Each structure stands twice: as C-alpha cells, then as structure tokens.
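A.B. asks:
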Amino acid sequence: MIHLKKVTYLLCLLFSSLLFSHPLPNTMVNLSVQSKSILMKIQVPRQNFEIAFKSKVTGNQTTEITKYFSDHIQIEDENHQFWKMVFLDYRIQSNTAEFVGKYDEILFRVKFLPNKNSNVRDFTIHYDAVMHEITNHQALVYVASDWENGLHDDSQQIGIIGIDVPTNTIYPLHISLANGSQWKGFKSMVALGMQHISEGTDHLLFLLVLLLSAPLISNEKKWIGSGRTKYSLIRILKIATAFTIGHSITLIIGAFGILNPNTKPVEILIALSILITAIHAIKPIFPHKEIYVASGFGLIHGLAFATILSNLDLDSSQLTLSLLGFNIGIELMQLLVIVLVMPWFLLLSPFKIYKWVRIIGAFLAGIASIAWASERYFEKANGISILIQNSSHQAIGFVLGLACLAIFFRIITPKSGY
Amino acid sequence: MKILFHSILILTLGIFSFFGAKNYSSNKSKTSVFNNQSIVSNATTVFSTQEIVDLATAFKATLSASQITSLQLSYTLTNARTWSNLPASMSPRLGIKMGTLNATQLAAAKALVQAMTGTPIGEGYNEVQGLWAADDYLSANGGGTNYGAGNFYIAFFGTPAMTGTFEIQMTGHHRTVANTYINGNLVGATPSFVATEPYASFTSGGNTYQPMLEEKTALVAMLAGLTSTQLATAHLATTYSDIILGPQDDWIFPTTKVGLQASTLTTSQKQLILDAIATYVDDVDDTSAAAFMAQYTAEIDDTFIAYSGTATLNNQNDYIRIDGPGVWIEYSTQNGIILSPKHPHSVWRDHRKDYGGTGAPLSNQNFSMVSRIVNFPNPVVENTTFTFNLTQNATIKITIYDLNGRFVSAPYKNSLEPGNNSITVDLSDLSSGTYLYSIEANGIKSSSNKLIKK
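Chains A and B supply the protein sequences, listed in that same order. Take 42 as the starting number for the first sequence in this note's numbering and just add one per residue. Take 27 as the starting number for the second sequence in this note's numbering and just add one per residue.
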C-alpha cells in the first residue's frame, strides 16, 4: 500500500510538468496578405478548440471543421459582401508557452477569396471561434506577411478580438492595410536575399574558401603557384557563376514547392561542402573541376535558400517576382563580398605568405564546418559554433586585416615567385 | 455533521496556531522568512486606521533610505494597477521585496499586513499566512526560487496618514491585497485577488494549511441551497476557463447581470450568498468588513449569482460569479502548474470602490472604455493604424509622448462609436525614435503603449 502510494506520488511528480496552470494561451490568427486572397493560419490550444467544437479532434474531420469555421469566421468587404472561404487543412502539433508549459494546439489553414472588385487590403473580420463558448478567450490577430508592403519575416500584431465584457458583444475587427506596390515587394525581396547571405556565414565561408584557391595553379597533386591576374579573374568569375547557376536552379524548384527536402540533411551537407572545399584549398582534391563542384554544391545551398521563400506563403504572381528579387539580393551580396575580399587575395597570391593565409584560412574554415555539421546533426550548439555566431560581426575587421597584410607585403617585399 | 466538521476545523486550527506560536519563539534558523509566524486567532483584536497608519509608519522607520525609495511610491493609477496572478518573477511588482527584509523589518511588515487583513480564522491574515506558506510549498516542491513567500512585495502608494489618500498593496503570486484609505477610512479593499496552489491541505513549517477551503465551501453551499429550477437559471451556457476581471481588467463590469437574481430567493438562500461574500470581505480589518457586509446585505436583492461547469467547483472550468450593485466575486477552477491538477483563482472586486472608489483620483466610470490597443504597422514608416475596443460612444484623442512623458503630438481627435475601431493616422512628420502613446476616451487616458518611428 505504501509502495503504491509512493509510486502514485512519483507518477504525479513525473506528469506534473506536463500539466498546465492558468488558462491556455489565446488563439493566434496570422494573416498572409496575398495579391488576390488572404491566407489565415489559426492556432488554437487543442483543449479550448475541443470545448468550443464540442467534440474531440482526431483524424479526418475536415467536413465538420469546415462547417464550424464557416459558422464562426466571415470576412466582409467594403460593399458588405462576404468573401468565399476555402478551408485548406489542419494539423495537431505541440507548442510551449510561458506559465503553461507544453500543450497541444491545432493549426488550421483557411483561405479567403474576395469577390470581384473587392479590395483585398480593406476588410472586416467577423470572428467568434472558440470565444462564443469560452467567454474569456481572445484571438490575437497578426499580419504574418504583406508582400506588397515588404512585410514578411516577422509578424506584427494588428488587433485583438474578444468579448467586450460590459456589453457582452464581440465586435468585428476592421483591417485596412496601407497600399503597397509590386516595386516595394520586389525591393524587400532583394533586401531579404542580401540579408540572408550577409547573415548566412556558412554560405559566405563556402564561397570564400572556394575562391581561396582560385588564383592558383595546380599540378594535380599540389598547388604550385599563382596565375596571372587575368587567369585568376576569369577563374573567380567562372566559379562564382557556377555557384550562382547551381543555387538558382534549386531555389526555383524549391520555391515552387516541386522539391521539398528536409532542412536538416541540407544544412549538414552545406557544412560538409565547406569542409571539402577547405581540404581542397590546402591540397587540390578536385583540380580543374572547381566549376562543377561549385555548381554541384550550389544546388545544395539553393535548397536552403528555397525554404526561406516557401515559408513566406506567397501566391504564384508574387513568387516569380520574389524569386527574381531574392536571387538578385543573393548575387549582389556575394558580389560585394567578392569585391571586398578578392583583391587582397589576388594581391597576396604571388607571395609566400599567401600559402599560410590559404592554409590557415582553410584550416579555420574546416574547423568551423565540422562545428556546424555537429551542431546541425545533434541539434545542439557547441562552443565553436557559438564563438562563430558571436564573432561574425567582426568580418569587417577580418577584411581590413587582410587588406593591411596585402598592402604591407606589396610595399616591403619585391615580387617573388611562389 | 456540520458541527463535527466545524469542531475538526477549530481543532486543526488550534493545533497549528499552537505550533505557530512555538515556531515564533525559535525563529532564528529557519530558511524561509515566513515559517516563523504565529497564527492570530484572537477575534477580539480590532485594528483602526490609526493603528494601520502607525504600523505603516513604524515599518517605514525600520527601513534604510534606499529601501524607503522602493517602498514609498506615489498614488497613481499605473502604480495601483501593477499586480498580477503570476509570480513576481514573471510579472514584476512594485515596492519592496519581502524576502530582502531583515527579521525586524519583516516583523514590522507582517504586523502591518496583519492589521490590514482582519482576524477571522481561515480568512484575513490567517489566510494570507496560508497563501505565503502555499507559495513556499510550491517553491520547495518543484517550483524553485520563482515561488515562495519571499517573492511577495509590499508597496505604499501615497504616504500613509489619517488625512488624504493612500493605498497599501501586498502582492505576490497568489494573493494581492490592495487597501485604499481616504481620510482615515478603508474606502476600497479591492481588487482583492486570492488563489492557491496547492488547493488540498498541506503542511509547511510544521503548520497545516488549506487557505481557500472556506471560500470554496461557502460557494458550493450557496449553490447547494438552490432548487434545481433555480440552479438551471443560475447556470451559464458558456465556459469560463478563467476569471474575466483579472489583473488590469479594471472597471469593465458587465452592464447586464446574468444568472439568478437573489430577490427571488428565500431568506436562508440569501444568507448563503452573504456567507459566501463574507469569506472575501472578512479579508479586511473587522470594522471595515462589517461596513462592507452591511452594504452588500442591503443590496442583496439586486445581486445575481451564476455558475458554469458543475456546482461542485471540483472540475477544471467550474466557475462561480456573484455580481451585485457593489460586490463582484469570481471563482474559477483551473489545472495546477506544479502540483495537483486543480487549483482556484478568485477575485473580489467592487463596482464602485475598486482602488478607492469611483470619483476618487484613480478611477472613473469611463476608464474602461478603451481596451485591446494595438497599432500596425509598428515600427511606423508613414501611416499607422490604431485599433482598439471602445465600449461606449466617446470622444477619442490619440496623444504621442516621448519616453520622458513629454507631449509630442496629438494626431487624432474625434467622436467614435462603440466597437473595434481602427484609426489610421499619418505620422510621417514624426522624427525617428521610440515613443509612447495613449488613447483618451472623454479625457480619460489609457495605459501607454510603445510606438517606434523609423
């Protein structure tokens, strides 16, 4: 009996971390403003939804849930006409909230199609899902993306729907979004592409390490000297173009949703691509084949870019312009980095010291790549990956150091062979 | 049966008041700052406001100058509204943290809280001690350092004196005492928040507690005294997973009362309602409690009771409300966070006397008119849309301030109708930086929200 009590007590302790206190979180409604529709993603704690739905939510209840939402959400335009609702899908997932801990929630995706001539940027949401039953429940409404206004990666709150206690009324929420433009949307995609590369230390490092050996000539087994400036420039151009072609192909395929690879293996492969090119920079392992390797690894890097775009819930007309803008942004940033770094590599490459710059650079990149691969495989940051994360702002210092070194050698040392 | 129950209760309380007294004499080596309390069961002790002022002044005298700076704040709406049903680590409080006080200071603080909170067994200071102990228990049983009696705060809003207005607030995870005194009278004893986890009886520091037993027992008895027809009238169709007038939900009482009106009840049924109300009102000094009860008794016929879920208050989402011309009580059963599955959250408010009463500096009937304020986009480039819920027709004015509270601009003023209003204004003239804004309804300001201009 005592044992049983102890066991029960222990079980209580074990499960207590799964229990929640205080009411579950409110509903989150995320609106993606597309060119001709509104995509609404609704996240509701499962338990609250089931109370309001008056049934457990399990397997295939699309019909019942569609009916529930058509009874509880409507979008009305300025002419007092209601939009067509298309219920897309739902899935049960786990979420964690402060004060509550882990809980199940349901993510519903609903699309609203405006009537002909009605403005997709000015509408009124009539919404009482869950709160028609749970009086203290609220829906926090966010704009997750508004392409024409360049809003995409951080949702912004636009309103709160809940019961007005004094009058016991749920007031509709009027949403009026400032007009944007295709140009504004396009510009923000260029900026997103640039930002992604400038923050994506791994993509940059891959490119730099690949270009580290670009000025050099190999005899199949080792690097034996540096080529003329023209030779080097052509090689740099070829390698960078090959990488661009590679990642553009998979970016397009991925963004249209044709290919939807797992993020984890892609990220690990990206880390390994740096390792391989780093080894190559120390000792040529794929001499004269840099262009193929660059385009091949480009394919992998492009898959990572694609997930950024496919997460934006863009409709097809926005997607084409986005792809163009995003890719231009990536290229611009890459070009900037090449312009900032390569002249110093080129200036240094005729000197003996370049050998050490190349070897030390490749060695450090190799360590970084292993740290990233491990972080991505185990899904846990390690000392090195944290160090890189914290020191990546010092890239400018690195470029300046390299420039000083190059200028110093150019001035004090007479040109000597490799 | 009832007699048996009462005698057990009195016996239990007697035993732990004995242990409490014993602990008090050997109070040096305790880890928790609140283990060493005596439980006051002397029902004849009546504290006057003069004594409360004296105890407040005495407590202040034990503090250093910098401690006084934390404790003694001004009597403003923003200060008074700073309380929560969450631990202070998650929702910061004002005032001085009780865990930072030395033994003398703590004794003075507790003497003050004791004087403010009344003497009946199971209510008032006795209950406060139980709720402190409950938080210590949470701390020791998985809650960690975010919980515990040392994480409660005490603050003075306005200087305690026999003239003028001041509030003494004692707030922590599951208890907020907010007593507002005007010219020597306790005018407002609300919002008074009380909750407990664990709900079931527990032992802490050698004492056994079950701080909210009386509230629950009285509320369940109130419903049990109804006929099935009356119960059906009192039953609310919708679900309440929490109280609706929690922290910061000030002055938004429903305009229409729901449930069962007490005027249709028998005298003994009405008495059961008053008994339930008393379990909250008895949490203030005995003289003031009697005055509140007299008022609530006079208004009993216009008081409504309502419940949702089951009438047992045992299950999650079981909910009871008492709503009168003055009194407002809500009790909600929720799942536990650290311990056993169920625990109650409860609030006593007063339609007219929260934070010291309508007409007093801190309140206004129109106060509640604006809520759920959001502006989009934020950061603002040119235009931004302010969205907010408005309860009644009102003249709405939006004012922007800098972070030091200096007026910057008033981009909007107009009369609006109730609803979820959206007002778009052009802020392109505003220079870059961070600002605060408030939305005024008929001259009453909302709390401030942040706005960033790019």
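By construction, the Cβ of each residue, glycine as well, lies at the ideal position given by its N, Cα and C atoms. Because the structure is a prediction, the values reported are computed rather than measured.
#1: What residue from 451/B, 74/B, 371/B and 463/B has the CA that sits closest to residue 225/B's CA?
#2: For the candidate residues 175/A, 192/A, 224/A and 65/A, whose alpha-carbon lies nearest to that of residue 18/A?
#3: Along chain B, which residues have their Cβ under 8 angstroms away from the Cβ of residue 66/A?
#4: Evaluate the contact criterion for the segment 99-119 of chain A versus the segment 381-394 of chain A: three or more CB pairs, one atom per stretch, below 8 angstroms.
#5: Rounded to whole angstroms, what's the CA-CA distance from residue 177/A to residue 164/A? Just pull it up for me.
#6: Which residue marks the beginning of the beta strand (DSSP E) containing residue 371/B, and which one marks its end?
#7: Mind checking which residues open and close the alpha helix (DSSP H) that includes residue 296/B?
#8: Using a C-beta to C-beta distance shorter than 8 angstroms, which residues of chain B count as neighbours of residue 308/A?
#9: Give the range of the beta strand (DSSP E) segment to which residue 201/B is assigned.
#10: Is the Cβ of residue 329/A closer than 8 angstroms to any Cβ of chain B?
#11: Mapping DSSP to helix, strand and coil, what is residue 69/A?
#12: Kindly list, in the order they appear in chain B, the residues whose Cβ is closer than 7 angstroms to that of residue 205/A.
#13: Given that a residue counts as buried once 16 or more other Cβ atoms are within 10 Å of its Cβ, and exposed if not, what is residue 417/A?
#14: Please report the distance separating the alpha-carbon of residue 395/B from that of residue 233/A.
#15: Under 8 angstroms, do residue 69/A and residue 183/A count as touching if we go by C-beta distance?
#16: So, does the CB of residue 208/A fall closer than 8 angstroms to a CB anywhere in chain B?
#17: Curious, which full-length beta strand (DSSP E) runs of at least 3 residues does the segment 213-252 of chain A contain?
#18: For the alpha helix (DSSP H) containing residue 108/A, name the first residue and the last one.
#19: Do the segment 276-293 of chain B and the segment 184-194 of chain B meet, that is, are 3 or more Cβ pairs less than 8 angstroms apart?
#20: Are residue 184/B and residue 100/B touching if we call contact CB-CB under 8 angstroms?
#21: Starting from the C-beta of residue 270/B, find all residues in its chain whose C-beta is less than 8 angstroms away, skip the five residues before and the five after it, and write them out in chain order.
#22: If you draw a straight line from the C-alpha of residue 369/B to the C-alpha of residue 300/B, how long is it?
#23: Does chain B have any CB closer than 8 angstroms to the CB of residue 167/A?
#24: Helix, strand or coil for residue 458/B per DSSP?
#25: With C-beta atoms as the reference, is residue 343/A less than 8 angstroms away from residue 280/A?
#26: Given that residue 116/A touches chain B, what residues does it touch there, using C-beta distances under 7 angstroms?
#27: Run through DSSP, which three-state label would residue 242/B get?
#28: Consult DSSP for residue 269/B and reduce its assignment to one of helix, strand or coil.
#29: Kindly indicate which three-state DSSP category residue 173/B falls into: helix, strand or coil?
#30: In the structure shown, what three-state DSSP assignment does residue 379/B receive?
#31: Does residue 259/A come within less than 8 angstroms of chain B when only Cβ atoms are used?
#32: Taking Cβ-Cβ distances shorter than 7 angstroms, what residues in chain A pair up with residue 400/B?
#33: With burial defined as no fewer than 16 other Cβ atoms inside 10 Å of the residue's Cβ, what is the status of residue 219/B: buried or exposed?
#34: Residue 241/A: buried (16+ other C-beta within 10 angstroms of its C-beta) or exposed?
#35: Assuming residue 400/B is part of the beta strand (DSSP E), what are its boundary residues?
#36: For residue 217/A, go through chain B and note every residue whose CB falls closer than 8 angstroms to its CB, in chain order.
C.D. replies: For this structure:
#1: Locating residue 225/B in the second sequence gives position 199, counting from the first residue. Comparing Cα-Cα distances from residue 225/B to each of 451/B, 74/B, 371/B and 463/B, the minimum goes to 371/B.
#2: Nothing about residue 18/A can be read from this structure; chain A reaches only from 42 to 459.
#3: Within the first sequence, the letter at position 25 stands for residue 66/A. In chain order: nothing, as chain B lies at least about 11 angstroms away.
#4: At 8 angstroms Cβ cutoff, the stretches do not touch.
#5: One-based indexing of the first sequence puts residue 177/A at position 136. One-based indexing of the first sequence puts residue 164/A at position 123. Distance between the alpha carbons of residue 177/A and residue 164/A: 25 angstroms.
#6: Counting from one through the second sequence, the residue named residue 371/B turns up at place 345. Counting along the chain, the beta strand (DSSP E) containing residue 371/B begins and ends at 368-376.
#7: Working through the second sequence from its first residue, we reach residue 296/B at position 270. Residues 293-307.
#8: As a working note, residue 308/A is residue 267 in the first sequence. The premise fails here: residue 308/A is roughly 31 angstroms from chain B at the closest Cβ pair, so nothing lies under 8 angstroms.
#9: Taking the second sequence and counting its residues from 1, the one referred to as residue 201/B is at position 175. Residues 201-208.
#10: Indexing the first sequence from 1 puts residue 329/A at position 288. It does not; no Cβ of chain B falls within 8 angstroms.
#11: Taking the first residue of the first sequence as 1, we reach residue 69/A at position 28. Strand, per DSSP.
#12: Taking the first residue of the first sequence as 1, we reach residue 205/A at position 164. Listed along the chain, the chain B residues whose CB falls inside 7 angstroms of the CB of residue 205/A are 415 and 417.
#13: Here residue 417/A refers to the residue found at position 376 when the first sequence is read from its first residue. Counting Cβ neighbours within 10 Å, residue 417/A comes out buried, since at least 16 surround it.
#14: The residue labelled residue 395/B in the question sits at position 369 within the second sequence. The residue labelled residue 233/A in the question sits at position 192 within the first sequence. For residue 395/B and residue 233/A, the distance between alpha carbons rounds to 41 angstroms.
#15: Taking the first sequence and counting its residues from 1, one reaches residue 69/A at position 28. Taking the first sequence and counting its residues from 1, one reaches residue 183/A at position 142. Yes; because the gap between Cβ atoms is below 8 angstroms, this pair is in contact.
#16: Locating residue 208/A in the first sequence gives position 167, counting from the first residue. Yes, its Cβ sits closer than 8 angstroms to a Cβ of chain B.
#17: Taking only runs of at least 3 residues, the beta strand (DSSP E) segments lying wholly in the segment 213-252 of chain A are 214-217.
#18: To locate residue 108/A, count along the first sequence from 1; it is residue 67. Counting along the chain, residue 108/A sits inside the alpha helix (DSSP H) bounded by residues 103-113.
#19: Contact annotation: the segment 276-293 of chain B does not touch the segment 184-194 of chain B, with fewer than three C-beta pairs closer than 8 angstroms.
#20: Here residue 184/B corresponds to residue number 158 of the second sequence, with the count starting at 1. Here residue 100/B corresponds to residue number 74 of the second sequence, with the count starting at 1. Less than 8 angstroms divides the Cβ of residue 184/B from the Cβ of residue 100/B.
#21: Taking the first residue of the second sequence as position 1, residue 270/B is located at position 244. Around residue 270/B, the same chain offers 356 as residues with beta carbons nearer than 8 angstroms, after the five sequence neighbours per side are excluded.
#22: What you label residue 369/B is simply residue 343 of the second sequence in a count that begins at 1. What you label residue 300/B is simply residue 274 of the second sequence in a count that begins at 1. Using only the alpha carbons, I get a separation of about 23 angstroms.
#23: Here the question's residue 167/A lines up with position 126 in the first sequence. With its beta carbon at least 8 angstroms from every one in chain B, residue 167/A lies outside the interface.
#24: In the second sequence, the residue the question calls residue 458/B occupies position 432. Here residue 458/B sits in coil by DSSP.
#25: Here residue 343/A is taken as the residue at index 302 of the first sequence, counted from 1. Here residue 280/A is taken as the residue at index 239 of the first sequence, counted from 1. Judged by their CB atoms, residue 343/A and residue 280/A are not nearer to each other than the 8 angstroms cut-off.
#26: The count along the first sequence starts at 1 and reaches residue 116/A at position 75. Residues of chain B passing the Cβ test: none, with the nearest at roughly 14 angstroms.
#27: On the second sequence, residue 242/B is found 216 positions in, with the first residue counted as 1. When secondary structure is reduced to three states using DSSP, residue 242/B falls in the helix class.
#28: Taking the first residue of the second sequence as 1, we reach residue 269/B at position 243. In the structure shown, residue 269/B sits in coil (DSSP, three-state: anything other than H, G, I, E or B).
#29: Numbered from its first residue, the second sequence carries residue 173/B at position 147. Residue state, collapsed to three classes: coil.
#30: Mapped onto the second sequence, residue 379/B falls at position 353. Coil at residue 379/B, not helix or strand.
#31: Your numbering for residue 259/A matches position 218 in the first sequence. Not closer than 8 angstroms to any Cβ of chain B, the Cβ of residue 259/A fails to qualify, so no.
#32: If you number the second sequence from 1, residue 400/B lands on position 374. The answer, in chain order, is 198, 199, 200 and 201.
#33: Locating residue 219/B in the second sequence gives position 193, where the first residue counts as 1. Sixteen is the threshold: when 16 or more other Cβ atoms of the shown chains lie within 10 Å of the Cβ of residue 219/B, as they do, the residue is buried.
#34: Start at 1 with the first residue of the first sequence, and residue 241/A comes out as number 200. Label assigned to residue 241/A: buried.
#35: Position 374 of the second sequence, counted from the first residue, corresponds to residue 400/B. Unbroken beta strand (DSSP E) run through residue 400/B: 396-402.
#36: Mapped onto the first sequence, residue 217/A falls at position 176. Within 8 angstroms Cβ-Cβ: 411, 448 and 450.
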